[in-house]
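Single-structure report; data block below.
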Amino acid sequence: MTDQQFNNDRRRLLRGALLGIAAAPLAYVSVRGSNVLAQEMPELDENDPQAIALNYVHDAADRDEMRTEGAICGNCRLYLENDTPNWGGCTAFPGKLVADGGWCSAWVPMPS
Ligand code: SF4
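For the sequence shown, our numbering gives the first residue as 272, with consecutive numbering after it.
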């Protein structure tokens with residue numbers, strides 16, 4: 272390896288390290304921002320037309336006659352955990368929080 276190649280490699284390594292250091296705060300803000308957004312999301316209203324269409328309820332026991340035994344939002348593949356206790360996001364109801372003890376007819380089991 273020549274001195275020229277060594278210097279070029281060293282410059283590339285330093286440039287990569289500096290870019291990584293510069294990007295770290297942006298990544299942190301991005302992660303923190305998504306948590307803040309999740310906390311600010313409203314709870315899904317059971318009377319929302321889409322909630323009605325999917326038979327959503329905050330308490331899964333209210334749909335015992337329809338659901339698979341033990342199925343709740345908290346063990347649904349579409350449930351998105353966040354920092355809000357007992358509530359989470361759901362890809363079936365974007366921008367709304369669903370109860371982790373709730374249920375709807377779009378429930379999908381977790382992969383085993
Ligand atoms: S799709 Fe899953 S997480 Fe979303 S409301 Fe229905 S059961 Fe709950």
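In this text, a Cβ means the ideal position worked out from N, Cα and C, and glycines have one as well.
7 angstroms Cβ shell around CYS347 - same chain, five flanking residues per side excluded: TRP378 and VAL379
Compute the minimum distance between the beta carbon of ALA377 and the heavy atoms of the ligand SF4, and state whether it is under 8 angstroms. ALA377 Cβ: within cutoff of the ligand SF4.
Bounding residues of the alpha helix (DSSP H) (the contiguous stretch that carries ILE343): ILE343 -> no alpha helix (DSSP H), and no H or E assigned at all.
Helix, strand or coil for ALA377? Go by DSSP, reduced to three states. coil
Less than 7 angstroms between C-beta atoms, sequence neighbours within five positions excluded: which residues of the same chain meet that for MET381? Result list for MET381: ASN346 and ARG348, in chain order.
For the beta strand (DSSP E) containing GLY359, list its first residue and its last residue. 358-361
According to DSSP, residues forming a beta bridge with LEU325: Residue pairing by DSSP places LEU325 in no beta bridge whatsoever.
Cβ-Cβ distance between ASP330 and GLY360 below 9 angstroms: no
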